[in-house]
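There are 2 protein chains.
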Amino acid sequence: MPVNTLGRELPDEIPGYGPVRPYNGQDVETPTGTRHAPPLKVCHPRRDKLLASIDEAIERTGLADGMTVTFHHHFRDGDILLNMVLDRIARKGIKGLTVAPSAFFPVHEPILDHVRSGVVTRLVGSCNGPVGAGVSKGIVPNPVVLRSHGGRVRAVHDGELHIDVAFIAAPECDPYGNVNGVNGPSACGPLGCADIDARYADWVVAVTDNLVPYPATPIVISQTFVDYVVQVDVIGDPKKIVSGTTSITTDPLKLSIAKLAADFIQEHPLFRDGVSFQAGSGGMSLAAMDYINAAMKKRKITADYIVGGTTRVIVEMLRDGTTKKVLDGQAFDTAAIDSLRDNPCHVEIPVDFYANVHNRGNVVDLLDFGILGATEVDLDFNVNVVTHSDGMLLHGIGGHQDVASGADTTIITVPLVRGRRRITPIVNRVTTVSTPGETVDVVVTDRGIAINPRRHDLIEHYRHSKLPIVKIDELHHIALEEANTLPPLATTDRIIAVVENRDGTVLDVVWQPVE
Amino acid sequence: MPVNTLGRELPDEIPGYGPVRPYNGQDVETPTGTRHAPPLKVCHPRRDKLLASIDEAIERTGLADGMTVTFHHHFRDGDILLNMVLDRIARKGIKGLTVAPSAFFPVHEPILDHVRSGVVTRLVGSCNGPVGAGVSKGIVPNPVVLRSHGGRVRAVHDGELHIDVAFIAAPECDPYGNVNGVNGPSACGPLGCADIDARYADWVVAVTDNLVPYPATPIVISQTFVDYVVQVDVIGDPKKIVSGTTSITTDPLKLSIAKLAADFIQEHPLFRDGVSFQAGSGGMSLAAMDYINAAMKKRKITADYIVGGTTRVIVEMLRDGTTKKVLDGQAFDTAAIDSLRDNPCHVEIPVDFYANVHNRGNVVDLLDFGILGATEVDLDFNVNVVTHSDGMLLHGIGGHQDVASGADTTIITVPLVRGRRRITPIVNRVTTVSTPGETVDVVVTDRGIAINPRRHDLIEHYRHSKLPIVKIDELHHIALEEANTLPPLATTDRIIAVVENRDGTVLDVVWQPVE
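Protein chains in written order, with numbering that gives the first Met the number 0: chain A, 0 to 514; chain B, 0 to 514.
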C-alpha cells in the first residue's frame with residue numbers, strides 16, 4: 000500500500016470515501032476550483048418563513064433518502080436539536096442519510112440506533128465518546144470523515160461536503176431568520192461553526208426556542224441565508240457546555256506542566272507587546288494561559304488578541320486589558336457568552352475566518368502561540384488526539400490541527416506518565432496521526448521540554464536556558480522505563496475513519512480495532 | 000420594436016449590453032442558476048498583504064485591458080479613491096475598462112477624460128451630475144447600465160456583473176484586510192455597498208488612510224475576502240457625504256407636502272406599534288420622517304425598525320426610543336456615523352440584506368412604508384428619478400426602486416409645480432421609467448393626494464378621510480393649467496443607458512437627447 004510523507008499507509012481509494020489524496024506536507028497548494036455555488040432563490044415579499052414543526056421543515060426542504068444534513072455543536076453535550084431532528088426524519092421513513100455536524104457529543108449516542116436501522120449510513124465529523132465507540136465497533140457502513148474545524152469549513156466552502164439541509168439551533172431568532180447566539184435562555188455564545196452551513200447549504204432551517212420580533216440583533220446568521228424558521232420548546236442546555244475539558248485543571252502534576260509551558264513562553268522571542276495566543280479547551284492549556292496572564296501583568300506585556308474557544312481565563316484577560324481583543328469562534332463557559340454579548344472588544348468570528356485555508360486569509364495562520372493537549376505524541380512530533388492506544392476512536396480534532404499548522408510556535412502539554420494505568424503519551428509512533436509532526440514545535444512534559452529538531456531557531460534560542468530542554472528520545476526513554484508497556488494494537492482490515500488534513504489531503508486512516 | 004408590460008419599446012438586443020429581458024411585472028420568477036462562485040485561493044501563512052502602492056496592486060492583481068473594476072460610493076461627493084486608481088491605471092496604458100462603482104458622483108467627472116482616451120469604455124452604475132451629462136453627450140462607447148442598489152447586488156451575486164478587481168476605500172483597516180467604516184479620520188459609516196464586491200470579486204484590494212494593528216474591529220469586510228492592502232494619504236472626505244439631498248428641507252411648500260404625507264401615514268392601518276419605515280435621502284422625505292416622529296411620540300407608537308440611509312432625524316428617533324432599531328446600509332451625515340459606531344441597536348447591513356431579490360429574504364420586502372421623491376410621476380404611477388424632462392441622464396436610482404417594490408405602501412412626495420421654470424413632475428408619461436407604477440401606491444402633492452387605483456384597500460380605507468384625496472388625473476389637469484408646457488423631447492436613435500428592474504429585466508432605455 001502506498002504511504003504518505005508521514006509514512007502512513009493509505010489505499011488509493013477507500014470504499015465509501017472515494018479517491019485518497021495523500022498528505023504531502025504543509026505547503027498548501029493553490030486549488031484550481033471555485034467556491035461552492037448554492038442555488039439562487041427568491042423569497043417572495045412578506046412570505047412567512049415560520050413553519051409549524053420540524054416535520055413541516057423536513058417536507059418543505061424536500062429532505063429525502065441519501066441526503067446530507069448538518070448541525071452545529073455549540074451546545075456541546077447540551078445539544079438537543081440533532082436527536083430531535085433525526086427522530087422526526089426517522090419517523091418519516093427516510094433512509095441512507097449522511098449526518099455531518101461540526102461535532103458529535105456523548106448526548107448524540109441515540110444516532111447509533113438510527114445507524115442500525117439504516118436511517119443514517121454515514122457520519123462526517125468529530126466523534127466524541129459513545130458515538131466514536133459505536134464507530135469503532137464497525138456499525139457504520141461507511142468510514143467516518145474526521146476533519147479539523149478549518150477542514151470542515153474548507154470542505155463545505157470548496158463543495159466537497161455538499162449540504163442538502165442545515166438545521167441551525169438558534170438561541171435567538173426572528174420570524175425572518177436572523178439568528179444570534181448571545182441572547183435568550185439558551186444562549187451559547189458564538190455560532191462560528193454554523194456560519195458556513197448557512198452560507199452554503201441548499202436549504203437552511205433555523206430552529207429556535209426564543210422567537211423575538213424582527214429584527215433580532217446582532218445579526219450573526221443572516222436572513223439572507225435562512226429559508227425557514229421553526230419554533231420548539233428548547234434547543235439545548237447551555238449549562239452542559241462546560242465540561243471537564245473546558246475548565247482549568249486542579250491536578251498538581253498538570254499545573255506544574257502548565258507552569259513549565261508558561262515559563263518556556265516567557266523566554267520566547269515572540270513574548271512581547273502585541274503577542275497573540277490560542278489556548279485549547281484542555282485543562283492544562285487553560286492553566287498555562289492563567290500563568291501567562293500573571294507573567295504578562297508582571298512584565299506589563301499586552302496581547303493584541305487571543306483567539307477563542309473562550310473561557311473565563313480569557314475573559315478576565317480582556318477585562319483586565321492584558322489582551323486588547325478576543326476573536327471568538329466558540330464559547331466554553333457562560334463567562335465567555337456574557338463577555339461576547341457585552342464587550343465590543345470580544346468579537347465573534349466564523350470558523351471560515353478562524354481556520355479555512357482556502358479563503359484569502361484565516362487567523363490561526365497569524366498566531367504566535369498555540370497551547371494544546373494530546374493523547375499521544377511520537378518521536379516525529381506527530382500528534383494523535385482522535386484514538387486511544389487501544390485503537391478506539393473517541394475524540395474529534397477540533398481546532399488542534401488548524402492551530403498547530405498556523406501558529407508560529409505550537410506547544411503540546413502532556414504528563415510523561417498518565418492515569419492509573421500508568422501509560423505514556425510519548426510513543427514511538429502514534430496510533431493515528433491527526434496533527435502532523437512538522438507543525439508541532441515543542442512538547443512540554445513534567446520531565447522536560449522537547450523542541451522539534453526542525454526548529455533550529457528555537458533550539459539555538461534556548462541553548463543557554465535554565466529550562467529543562469531535552470530531546471524527545473530522552474523523554475521516550477524515561478517513559479519506557481516508568482510507564483507500563485501496552486500490548487501491540489490489533490486491528491481488522493476494515494477502515495472505520497479517514498483523517499483529513501485541513502487542506503483535504505489524507506493524514507491517516509483508522510482501522511477497526513479487534514474487540 | 001417590442002414593448003414591455005409598461006408599454007416601453009425595447010430592442011431584443013442592445014449592442015454593448017446584450018439580449019434584453021423585458022420587464023414583465025413584479026412577480027419575481029425563481030431563477031434557475033447558482034450564486035457566482037469566485038476562485039479558491041490560498042493565503043500562505045503570514046504572507047504580508049500590505050503592498051507599497053496602488054501601482055503594485057494593479058500589477059499583483061493582473062489588472063488588464065477589458066477588465067471590470069469597482070468602487071463603493073459611501074463617501075458620495077467626497078470620494079477620492081476612484082479618480083486616484085483610474086489615474087494610476089491610465090498611466091499603465093490599460094484600455095477598455097468597465098468601471099462599475101455603486102454610484103458615480105460629480106467628483107468623478109475626470110472619468111470622462113479616461114473615456115475619451117479609451118481607458119474606460121463602459122460605465123455601470125448610477126451617474127449623478129456631470130458624469131451623467133457626459134453620458135448624455137454620447138461620449139461613452141457602450142450604454143450605461145443603471146441598476147438599483149439591490150439590482151447591482153443581484154447582478155454581482157448572480158454572476159451577471161463579474162468583478163475582476165474591487166478597490167475598497169477602507170476608513171479603518173489592519174494589515175490583513177479587516178475593514179470597517181466607523182473608525183478613523185475618514186469614517187463614512189456603513190460599507191453596505193462594498194460588501195458584495197468583497198464577497199464576489201476575483202481580486203479585492205482594500206485601500207486605507209488608517210492602518211491599525213491587527214485585528215481592526217468591528218469586522219465589516221473580512222480578511223477572508225481581501226487579497227491586498229494599500230496605504231495612502233487620504234481616501235475620502237466624510238464632510239462631503241452631506242449634500243442638499245441628504246438634509247431636511249426648509250422650503251415651506253415642501254414642508255407642507257411632507258406634513259401631508261405624514262398626515263396620510265397617521266391614518267394608515269399600518270401606523271401602529273411595530274411599524275417600519277424607510278425614508279429616502281431627499282429633503283422632503285426627511286421632513287416627513289420628522290413629522291412622523293412627532294406624531295409617534297404623541298400617540299406613543301414605537302417602530303420596530305427604520306431602514307437607512309440614515310440621517311440625524313433617524314438617529315434621534317433611535318435615541319428617543321421612537322424606533323427600537325435602525326438597520327443601516329449607508330450614512331448620510333456624521334450623526335449617523337457616530338450612532339452606528341456607538342449604539343448597538345444601530346446595526347449595519349450589507350445591501351444584499353437590504354434589497355437583493357435573489358437571496359433568501361431582504362428587508363425592503365418587509366417594510367410598511369417607503370417615503371420617496373421623484374423627478375417625474377405619470378398617470379400610471381410610473382416614476383422617473385434618472386433623467387430630466389430634457390432627456391439628460393443626471394441621477395441614479397439608489398434604493399428607490401427597491402423600496403417601492405418592497406414596501407407595503409410607497410409614498411412619493413412631489414410639489415405640483417416645481418422651480419423657477421414652473422414645470423410639473425405629474426406628467427402623462429415619464430421620460431424614463433426607473434420605478435414601475437405598480438409598485439407606487441400614493442403620490443402626495445401640495446394640491447392633493449392620489450392613491451394608485453390598484454390599491455382598492457387604501458382607496459376604501461381613505462374614503463371618509465378629511466385628507467384631500469384626489470385622482471392622479473385631477474392633479475395632472477391642475478398641473479396642465481398651472482405649469483409651463485415643455486417642448487416635446489427630441490432624441491437621437493442611440494441608446495445611452497439601459498434601466499434595469501431589480502430582478503434584471505429591462506424597464507426602459509434612455510435615448511441620447513438632441514443637444
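All residues carry an ideal CB built from backbone N, CA and C; glycine is no exception.
| task | Give the DSSP-derived three-state secondary structure of B:VAL350 in the structure shown. | result | On the second sequence, residue 350 of chain B is found 351 positions in, with the first residue counted as 1. B:VAL350 falls in the helix class under three-state DSSP.
| query | Hey, quick one: how far does the beta strand (DSSP E) through B:ALA186 stretch, first residue to last? | reply | The residue you call residue 186 of chain B lines up with position 187 of the second sequence. Where B:ALA186 is concerned, there is no enclosing beta strand (DSSP E), given that its DSSP letter is neither H nor E.
| A:ILE495 and A:LEU371: beta carbons closer than 8 Å? | Stepping through the first sequence from its first residue, residue 495 of chain A is reached at position 496. Stepping through the first sequence from its first residue, residue 371 of chain A is reached at position 372. For A:ILE495 and A:LEU371, no; Cβs fall outside 8 Å.
| Would you say B:SER147 faces chain A, with C-beta separation under 8 Å as the test? | In the second sequence, counting from the first residue as 1, residue 147 of chain B sits at position 148. So no, B:SER147 is outside the interface.
| Would the beta-carbon of B:ARG153 fall within 8 Å of that of B:HIS357? | Here residue 153 of chain B refers to the residue found at position 154 of the second sequence. Here residue 357 of chain B refers to the residue found at position 358 of the second sequence. Their beta carbons are under 8 Å apart, which means B:ARG153 touches B:HIS357 by this criterion.
| A:GLY149 (DSSP reduced to helix, strand or coil) | Walking along the first sequence from the start, residue 149 of chain A turns up at place 150. Reduced to three states, the DSSP call for A:GLY149 is helix.
| query | Is any beta-carbon of chain B found at less than 8 Å from that of A:VAL356? | reply | In the first sequence, counting from the first residue as 1, residue 356 of chain A sits at position 357. At least one chain B Cβ lies under 8 Å of A:VAL356.
| request: With a threshold of 16 other CB atoms inside 10 Å of the CB of A:LEU479, please say whether the residue is buried or exposed. | output: The count along the first sequence starts at 1 and reaches residue 479 of chain A at position 480. Exposed is the call here.
| field | Cutoff 7 Å; reference A:GLY516; Cβ partners in own chain excluding five residues on either side | value | Absent from the structure is residue 516 of chain A, since the part of chain A shown begins at 0 and ends at 514.
| query | DSSP three-state call for A:GLY418: helix, strand or coil? | reply | Reading the first sequence from its first residue, position 419 is the one you call residue 418 of chain A. Of the three classes helix, strand and coil, the one that applies to A:GLY418 here is coil, per DSSP.
| task | Taking only beta carbons into account, state which residues of the stretch 203-234 of chain B come closer than 9 Å to chain A, listed in chain order. | result | VAL203, PRO212, TYR213, PRO214, THR216, PRO217, ILE218, SER221, GLN222, THR223, PHE224, VAL225, ASP226
| Which of helix, strand or coil does DSSP assign to A:TYR175? | Against the first sequence, residue 175 of chain A aligns to sequence position 176. Correct three-state label for A:TYR175: coil.
| said: So if DSSP puts A:SER125 in a beta bridge, which residue, or which two residues, is it bridged to? | reply: Locating residue 125 of chain A in the first sequence gives position 126, counting from the first residue. Note: A:SER125 sits in a beta bridge opposite A:ALA102.
| Which of the three DSSP states, helix, strand or coil, is assigned to B:VAL233? | By one-based count along the second sequence, residue 233 of chain B stands at place 234. Coil.
| Sequence ranges, beta strand (DSSP E) only - wholly within the stretch 195-270 of chain B, length at least 3 | 202-207, 227-230
| Selection from B:VAL508, B:ASP502, B:ARG493 that minimises the alpha carbon distance to B:LYS136 | Working through the second sequence from its first residue, we reach residue 136 of chain B at position 137. Of the listed residues, the one whose Cα sits closest to B:LYS136 is B:ARG493.
| Three-pair Cβ contact test at 8 Å for the stretch 109-126 of chain A versus the stretch 465-475 of chain A | no
| query | From which residue to which residue does the alpha helix (DSSP H) around B:THR69 run? | reply | Counting from 1 along the second sequence, the entry for residue 69 of chain B is found at position 70. Premise fails: B:THR69 lies in the beta strand (DSSP E), 67-69, not in any alpha helix (DSSP H).
| query | By how many angstroms is the C-alpha of A:ASN500 removed from the C-alpha of A:VAL27? | reply | What you label residue 27 of chain A is simply residue 28 of the first sequence in a count that begins at 1. What you label residue 500 of chain A is simply residue 501 of the first sequence in a count that begins at 1. Distance between the alpha carbons of A:VAL27 and A:ASN500 is about 10 Å.
| CB B:GLY328 to CB B:ASP303, shorter than 8 Å? | Here residue 328 of chain B corresponds to residue number 329 of the second sequence, with the count starting at 1. Here residue 303 of chain B corresponds to residue number 304 of the second sequence, with the count starting at 1. In this structure, B:ASP303 does not lie closer than 8 Å to B:GLY328 by Cβ.
| said: Spatial neighbours of B:VAL134 within its chain, please: C-beta separation below 6 Å, excluding the five flanking residues on both sides. | reply: Position 135 of the second sequence, counting from 1, holds the residue named residue 134 of chain B. The answer, listed in chain order, is CYS126, VAL143, LEU392, ILE495.
| Beta-carbon spacing of B:VAL228, B:LEU50 below 8 Å | Translated into positions along the second sequence, residue 228 of chain B becomes position 229. Translated into positions along the second sequence, residue 50 of chain B becomes position 51. Yes. Within cutoff.
| said: Please state whether the Cβ-Cβ distance between A:ILE93 and A:VAL123 is less than 8 Å. | reply: Residue mapping note: residue 93 of chain A aligns to position 94 of the first sequence, counting from 1. Residue mapping note: residue 123 of chain A aligns to position 124 of the first sequence, counting from 1. No; because the gap between Cβ atoms is not below 8 Å, this pair is not in contact.
| said: In this structure, how does DSSP classify B:SER388 when only helix, strand and coil are distinguished? | reply: Taking the first residue of the second sequence as 1, we reach residue 388 of chain B at position 389. It is coil, neither helix nor strand.
| message | Give me the subset of the stretch 38-52 of chain A whose CB atoms are less than 9 Å from a CB atom of chain B, sorted by chain position. | response | PRO38, LEU39, LYS40, VAL41, CYS42, HIS43, PRO44, ARG45, ARG46, LYS48
| said: Measuring only the C-alpha atoms, how far is B:SER101 from A:VAL203? | reply: Locating residue 101 of chain B in the second sequence gives position 102, counting from the first residue. Locating residue 203 of chain A in the first sequence gives position 204, counting from the first residue. In a straight line, the C-alpha of B:SER101 is about 30 Å away from that of A:VAL203.
| query | Using a Cβ-Cβ cut-off of 8 Å (strictly less than) and excluding sequence neighbours within five positions of B:ARG420, which residues of its own chain qualify? | reply | What you label residue 420 of chain B is simply residue 421 of the second sequence in a count that begins at 1. Excluding sequence neighbours, B:ARG420 sits near ASN483.
| request: Check whether the stretch 361-371 of chain A touches the stretch 404-413 of chain A, counting contact only when three or more Cβ pairs, one atom from each stretch, lie closer than 8 Å. | output: yes
| request: List the endpoints of the continuous beta strand (DSSP E) containing B:SER280. | output: Counted from its first residue, the second sequence places residue 280 of chain B at position 281. Unbroken run through B:SER280: none, as it is neither H nor E.
| said: Do A:THR60 and A:VAL164 have their beta-carbon atoms positioned less than 8 Å apart in this structure? | reply: Numbered from 1 along the first sequence, position 165 holds the residue referred to as residue 164 of chain A. Numbered from 1 along the first sequence, position 61 holds the residue referred to as residue 60 of chain A. Yes.
| request: Would you mind sorting A:ASN292 into buried or exposed? The rule is 16 or more other CB atoms within 10 Å of its CB. | output: Against the first sequence, residue 292 of chain A aligns to sequence position 293. With 16 or more Cβ atoms within 10 Å of its Cβ, A:ASN292 is classed as buried.
| Are A:THR310 and A:ALA335 close, meaning C-beta to C-beta below 8 Å? | Walking along the first sequence from the start, residue 310 of chain A turns up at place 311. Walking along the first sequence from the start, residue 335 of chain A turns up at place 336. Going by C-beta atoms, A:THR310 is nearer than 8 Å to A:ALA335.
| said: Give the list of continuous beta strand (DSSP E) stretches no shorter than 3 residues that lie fully inside the stretch 26-76 of chain A. | reply: 67-69
| query | Under a three-way DSSP split, which group does B:VAL84 fall into? | reply | Reading the second sequence from its first residue, position 85 is the one you call residue 84 of chain B. Looking at B:VAL84 - three-state DSSP - the assignment turns out to be helix.
| said: List, in chain order, every chain B residue whose beta-carbon is nearer than 9 Å to that of A:PRO30. | reply: As a position in the first sequence, residue 30 of chain A is number 31, starting the count at 1. Those are PRO38, LEU39, LYS40, VAL41, listed as they occur along chain B.
| field | Within-8 Å CB hit, A:GLY176 to chain B | value | Position 177 of the first sequence holds residue 176 of chain A. Closer than 8 Å: yes.
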